[in-house]
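Undergrad: Going down the list, the protein sequences come from chains A and B. Going by this note's numbering, the first residue of the first sequence is number 1, and it counts up by one from there. Going by this note's numbering, the first residue of the second sequence is number 1, and it counts up by one from there.
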Amino acid sequence: MTQLELPSYRDQSPEVADRFTRLKERPVILEVKGLTKTFDTAQGPVTALKDISFRTHQREFVCVIGPSGCGKSTLVRTLAGLEDYSSGEVLLDGKPVHGPGPDRGMVFQGYTLFPWRTVKKNVMFGLELAGRSRTAAEEEALQWIDLVGLSKFVNAYPHQLSGGMKQRVAIARALANQPRILLMDEPFGALDAQSRAKMQGYLLEIWKNIDITIVFITHDLDEAIYLADRILVLKAHPGEVQELIEVPVPQPRTPTQCLSPEFLATKRRLEELIHPPGQEAEEGINGDRLNMVRMVPVNAKVESVL
Amino acid sequence: MNKPWFAVRKELSPRRRSFLAVMSFVLPLLVWSLVSYVPFIWHPQVEIIEAGEVDYFRTGMLVDRSVFEQERETLRAEGRELPTGTRTNPVYLPAPHEVATALYTAFSTEPQRRNEKWLHESLADSIQVIFWGFFLSSLIGVPLGILAGTYVAVSRLTEPFVEFFRYLPAPAFGALAVAILGIHDAPKIAIIFIGTFFQQVLVVANTTRKLDPALLEAALTLGARNAGLLFKVVIPGVASDLYRDMRILLGWAWTYLIVAEMIGASSGITWFITQQARYKNFDNVFAAILIIGIIGLTTDLILAWLGRRLFPWQRTARA
Numbered sequence: 001m002t003q004l005e006l007p008s009y010r011d012q013s014p015e016v017a018d019r020f021t022r023l024k025e026r027p028v029i030l031e032v033k034g035l036t037k038t039f040d041t042a043q044g045p046v047t048a049l050k051d052i053s054f055r056t057h058q059r060e061f062v063c064v065i066g067p068s069g070c071g072k073s074t075l076v077r078t079l080a081g082l083e084d085y086s087s088g089e090v091l092l093d094g095k096p097v098h099g100p101g102p103d104r105g106m107v108f109q110g111y112t113l114f115p116w117r118t119v120k121k122n123v124m125f126g127l128e129l130a131g132r133s134r135t136a137a138e139e140e141a142l143q144w145i146d147l148v149g150l151s152k153f154v155n156a157y158p159h160q161l162s163g164g165m166k167q168r169v170a171i172a173r174a175l176a177n178q179p180r181i182l183l184m185d186e187p188f189g190a191l192d193a194q195s196r197a198k199m200q201g202y203l204l205e206i207w208k209n210i211d212i213t214i215v216f217i218t219h220d221l222d223e224a225i226y227l228a229d230r231i232l233v234l235k236a237h238p239g240e241v242q243e244l245i246e247v248p249v250p251q252p253r254t255p256t257q258c259l260s261p262e263f264l265a266t267k268r269r270l271e272e273l274i275h276p277p278g279q280e281a282e283e284g285i286n287g288d289r290l291n292m293v294r295m296v297p298v299n300a301k302v303e304s305v306l
Numbered sequence: 001m002n003k004p005w006f007a008v009r010k011e012l013s014p015r016r017r018s019f020l021a022v023m024s025f026v027l028p029l030l031v032w033s034l035v036s037y038v039p040f041i042w043h044p045q046v047e048i049i050e051a052g053e054v055d056y057f058r059t060g061m062l063v064d065r066s067v068f069e070q071e072r073e074t075l076r077a078e079g080r081e082l083p084t085g086t087r088t089n090p091v092y093l094p095a096p097h098e099v100a101t102a103l104y105t106a107f108s109t110e111p112q113r114r115n116e117k118w119l120h121e122s123l124a125d126s127i128q129v130i131f132w133g134f135f136l137s138s139l140i141g142v143p144l145g146i147l148a149g150t151y152v153a154v155s156r157l158t159e160p161f162v163e164f165f166r167y168l169p170a171p172a173f174g175a176l177a178v179a180i181l182g183i184h185d186a187p188k189i190a191i192i193f194i195g196t197f198f199q200q201v202l203v204v205a206n207t208t209r210k211l212d213p214a215l216l217e218a219a220l221t222l223g224a225r226n227a228g229l230l231f232k233v234v235i236p237g238v239a240s241d242l243y244r245d246m247r248i249l250l251g252w253a254w255t256y257l258i259v260a261e262m263i264g265a266s267s268g269i270t271w272f273i274t275q276q277a278r279y280k281n282f283d284n285v286f287a288a289i290l291i292i293g294i295i296g297l298t299t300d301l302i303l304a305w306l307g308r309r310l311f312p313w314q315r316t317a318r319a
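1. Would you please state the rounded distance, in angstroms, between the beta carbons of V46(B) and T86(B)? I believe it to be under 8 Å.
2. Compute the beta-carbon to beta-carbon distance between V123(A) and R180(A), rounded to the nearest angstrom, for a pair I have assumed lies under 8 Å.
3. If you measure beta-carbon to beta-carbon, which residues of the stretch 108-124 of chain A are closer than 7 Å to chain B?
4. For G239(A), tell me which candidate among R10(A), A141(A), S73(A) has the shortest Cα-Cα distance.
5. Could you check if K95(A) is buried or exposed, using at least 16 other CB atoms within 10 Å of its CB as the buried criterion?
6. Taking 8 Å as the limit between beta carbons, can you name the residues of its chain near K117(B), skipping five residues before and five after?
7. Pick out the complete alpha helix (DSSP H) segments inside the stretch 192-238 of chain B, 4 residues or longer, and give them in chain order.
8. Please list, in chain order, the residues of the stretch 168-189 of chain A that have any C-beta partner in chain B closer than 9 Å.
9. Applying the criterion that 16 or more other CB atoms from any shown protein chain within 10 Å of the CB defines a buried residue, is F197(B) buried or exposed?
10. For L6(A), I'd like the list of residues in its chain whose CB is within less than 7 Å of its CB, leaving aside the five on either flank, ordered along the chain.
11. Secondary structure at A48(A), three-state DSSP: helix, strand or coil?
12. Can you name the start and end residues of the alpha helix (DSSP H) that M328(A) belongs to?
13. Can you tell me the Cβ-Cβ gap for I146(B) and V234(B), rounded? I've got them flagged as a contact below 8 Å.
14. For the stretch 210-228 of chain B, enumerate the residues whose C-beta is nearer than 7 Å to any C-beta of chain A, in chain order.
15. So, is the C-beta of F311(B) closer than 9 Å to a C-beta in chain A?
16. Starting from the C-beta of I258(B), find all residues in its chain whose C-beta is less than 6 Å away, skip the five residues before and the five after it, and write them out in chain order.
17. Counting contacts by CB-CB distance shorter than 9 Å, is A80(A) in contact with chain B?
18. Please go through the stretch 193-236 of chain A and give each complete beta strand (DSSP E) segment of 3 or more residues, from N-terminal end onward.
19. Within 10 Å of its beta-carbon, does S36(B) have 16 or more other beta-carbons around it, so buried, or fewer, so exposed?
20. The beta strand (DSSP E) that contains T84(B), what's its start and end?
21. Under 7 Å Cβ-Cβ, which residues of chain B neighbour M165(A)?
22. Can you give me the C-alpha to C-alpha distance between G56(A) and V233(A), rounded to a whole angstrom?
23. In terms of residue numbering, what span does the beta strand (DSSP E) encompassing T38(A) cover?
24. Within 9 Å (strictly less), CB to CB, does V142(B) reach chain A?
25. May I ask you to report which of helix, strand or coil DSSP gives A281(A)?
26. Output, in chain order, the set of chain A residues within a Cβ distance shorter than 9 Å of P236(B).
27. For K24(A), which three-state DSSP category applies?
28. Let me know the secondary structure DSSP gives L292(A) once reduced to three states.
29. At a CB-CB cut-off below 7 Å, which residues of chain B make contact with A130(A)?
30. Do you know how far the Cα of V107(A) is from the Cα of V119(A)?
31. Looking at the structure shown, is I248(B) part of a helix, part of a strand, or coil, going by DSSP?
32. Which chain B residues sit within Cβ distance under 8 Å of Y157(A)?
33. Does R104(A) get closer than 9 Å to chain B when you measure Cβ to Cβ?
34. Output yes if chain A places a C-beta closer than 9 Å to the C-beta of V233(B); else output no.
35. Please list, in chain order, the chain B residues whose beta carbon lies closer than 9 Å to that of P96(A).
36. Find the nearest neighbour of G101(A) within the set N177(A), P158(A), L273(A), judged by alpha-carbon distance.
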């Protein structure tokens, strides 16, 4: 197979380079310093996250990507406060955070809408808890529902919605609290390819129109490159930062950029990091591979598929 | 209409569903009618019409067929007057039309003794006992179960004792309940309470534990805290399942009724049944049993209907 002639993923056009310079001048929203998390298991302590440090700036879109078992979900759940950490610091606007709170919105991979509440009541949930009056909460909720384009469904129950619509309500519900940062844990992982592409488009639109910083977990390389300003690449056992990639694909993003040289160069780099060439041999040693014998009758008149 | 009747977990057409629902009642009735009206299926006894010269036979008396045949043989050999009779079922299996008549006459017949109650009064007594027993049990059992299902501390503090107590048979507390609470309705309500409460706490706690933890996590990230989690997520989240549990538990409460009504001053529908059996009015016994069934089924249908109104979000889209 011939390799495409691609530029380096580090080559940035002047506009892109200028944008990153300005981005890094924006205030830091989330700062993670030396975050380490160990689990105690029957086989002894296991390090899930080791010395993770990064910072995200205001209105930045960061994707976290890595091989399975690298602890990307653990990372985002720790940031949300749903799990505690062993050492290190998580700072939001320079202040350490402990436990979950409405200042960090979260969208989960599974559907977590409250099934007994209508779309409107789901979005009102956080506003009610914040002590907003009923009418004020309702008014605000309707605006957020309108933002995600579900005005027709305000009184529908979650079981009447498609997967993509449910996740849009979940996004509206998280945003209604006006969090400083939106954490998303493979939110489109359960959707089919078409819905997922649509949802990626919606998410970029929402992100462009409101003041929100996003940390987005995914295992889909294309999704990461398409959405992110920067991609945090983790490696497994233990989960460590491997590289923080500045995506050289210019903004605003369109689906047609998926075949641009910058996009492909970034993808090649991600492939190298996540599926390093030596890895397959290593998996063979672990016995995690198919054991292939030709299971065709000897006299079958079938040619090799190749 | 070419679809198969038996396909693993495939829904049937509405017409077939209602047809089968009707048949589920018609078939047992049919079996009962066959056994009652077709002589050669069972009818193990003979009702005497003419006693003949058998000195202990009386008109209307029921004797086993073998005894009847034996007496006939003896008399025929001696050339004396033969007894006559028709084949019939034992007294404890009345025919459907007799029970149907009893369904009416049981209400219109005056009690045999002055201190006994009319059937409708007995029924009212029973329903009251069930209601108060179940209501009081739920009043404490449901909140306790929800707390035990939500907080591990409450669970550890209550459930071991509840587990122990639920193995103690409620009837065993009959004498104790009478000694403490007197002889009227109070000890009966206590028996229903004991029979229901301990199961209820465990069932409610288990249902509460089945709430999807992801919903709790989502609520946490939206700013919910202790009381907010309990009242805005746990309780509404399990309410519809608890409602279904309560329907099942109410059925159990009826099981303890028969014990409850035997202690202290006997009263109620199951006491009525025992009395009527003693008088050998088995048509009344069947009628009373049917009435319990009808009350149970009707309550459940009403509760199911109410449940659909209370929890509209539970209705899944039917294809």
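Positions of the beta carbon are idealized from the N, C-alpha and C atoms, including for glycine.
TA: Well, looking at it:
1. Within the second sequence, residue 46(B) is the residue found at index 46, counting from 1. Within the second sequence, residue 86(B) is the residue found at index 86, counting from 1. Yes, V46(B) and T86(B) are in contact; Cβ-Cβ is about 7 Å, under 8 Å.
2. For the purposes of this step, residue 123(A) is taken as the residue at position 123 of the first sequence. For the purposes of this step, residue 180(A) is taken as the residue at position 180 of the first sequence. That belief does not hold up - the Cβ atoms of V123(A) and R180(A) are roughly 19 Å apart, past 8 Å.
3. F108, G110, T112, F114, P115, W116
4. Residue mapping note: residue 239(A) aligns to position 239 of the first sequence, counting from 1. Ranking R10(A), A141(A), S73(A) by Cα distance to G239(A) puts S73(A) first.
5. The residue given as residue 95(A) occupies position 95 in the first sequence. So K95(A) counts as exposed.
6. Your numbering for residue 117(B) matches position 117 in the second sequence. Cβ neighbours of K117(B) beyond the five flanking positions: P111, D125, S267, F272.
7. 213-221, 226-229
8. A170, R173, A174, A176, N177, P179, L183
9. Numbered from 1 along the second sequence, position 197 holds the residue referred to as residue 197(B). So F197(B) counts as buried.
10. Locating residue 6(A) in the first sequence gives position 6, counting from the first residue. Excluding positions up to five away in sequence, the list reads P261, L264, A265, R268.
11. As a first step, residue 48(A) must be located in the first sequence, where it is residue number 48. Strand, per DSSP.
12. The displayed coordinates of chain A run from 1 to 306. Any statement about residue 328(A) would go beyond what the structure contains.
13. In the second sequence, the residue the question calls residue 146(B) occupies position 146. In the second sequence, the residue the question calls residue 234(B) occupies position 234. Going by Cβ atoms, the distance from I146(B) to V234(B) rounds to 7 Å, so yes, they are a contact pair.
14. A214, L215, E217, A218, L220, T221, L222, G223, A224, G228
15. Sequence index remark: in the second sequence, residue 311(B) carries index 311 (1-based). Yes - at least one Cβ of chain A is within 9 Å of the one on F311(B).
16. Looking up residue 258(B) in the second sequence gives position 258. Once the five neighbours on either side are set aside, the close Cβ partners of I258(B) are T270.
17. As a first step, residue 80(A) is located in the first sequence; it is residue number 80 there, counting from the start. Output row for A80(A): interface = yes.
18. 213-217, 230-235
19. As a position in the second sequence, residue 36(B) is number 36, starting the count at 1. S36(B) is buried by the Cβ-count criterion.
20. Within the second sequence, residue 84(B) is the residue found at index 84, counting from 1. 84-88 is the extent of the beta strand (DSSP E) around T84(B).
21. Locating residue 165(A) in the first sequence gives position 165, where the first residue counts as 1. What M165(A) touches in chain B: nothing, since even the nearest Cβ is about 14 Å away.
22. The count along the first sequence starts at 1 and reaches residue 56(A) at position 56. The count along the first sequence starts at 1 and reaches residue 233(A) at position 233. The question names Gly, but residue 56(A) is Thr in the sequence shown. Taking the straight line joining both Cα atoms gives about 14 Å.
23. Here the question's residue 38(A) lines up with position 38 in the first sequence. Run containing T38(A): 28-41, per the beta strand (DSSP E) assignment.
24. Taking the second sequence and counting its residues from 1, one reaches residue 142(B) at position 142. Chain A contact via Cβ: absent.
25. Stepping through the first sequence from its first residue, residue 281(A) is reached at position 281. Bear in mind that a pLDDT of 49 at A281(A), under 50, signals an unreliable position, so the model cannot answer this.
26. By one-based count along the second sequence, residue 236(B) stands at place 236. What P236(B) touches in chain A: F114, W116, R117.
27. The sequence position of residue 24(A) within the first sequence is 24, counting from 1. Helix.
28. For the purposes of this step, residue 292(A) is taken as the residue at position 292 of the first sequence. The identity of residue 292(A) in the sequence shown is Met, whereas the question assumes Leu. In this structure, M292(A) counts as coil in the three-state DSSP scheme.
29. Within the first sequence, numbered from 1, the residue matching residue 130(A) stands at position 130. Within chain B, the residues near A130(A) are G223.
30. Counting from 1 along the first sequence, the entry for residue 119(A) is found at position 119. Counting from 1 along the first sequence, the entry for residue 107(A) is found at position 107. Taking the straight line from one Cα to the other gives about 15 Å.
31. Numbered from its first residue, the second sequence carries residue 248(B) at position 248. I248(B): helix per DSSP, three-state reduction.
32. Taking the first sequence and counting its residues from 1, the one referred to as residue 157(A) is at position 157. Simply P312, W313.
33. Reading the first sequence from its first residue, position 104 is the one you call residue 104(A). With 9 Å as the cut-off, R104(A) counts as an interface residue toward chain B.
34. Along the second sequence, one-based indexing puts residue 233(B) at 233. Closer than 9 Å to some Cβ of chain A, the Cβ of V233(B) qualifies, so yes.
35. Locating residue 96(A) in the first sequence gives position 96, where the first residue counts as 1. None at all; the shortest Cβ gap to chain B is about 18 Å.
36. Here residue 101(A) refers to the residue found at position 101 when the first sequence is read from its first residue. G101(A) has its Cα closest to that of N177(A), out of N177(A), P158(A), L273(A).
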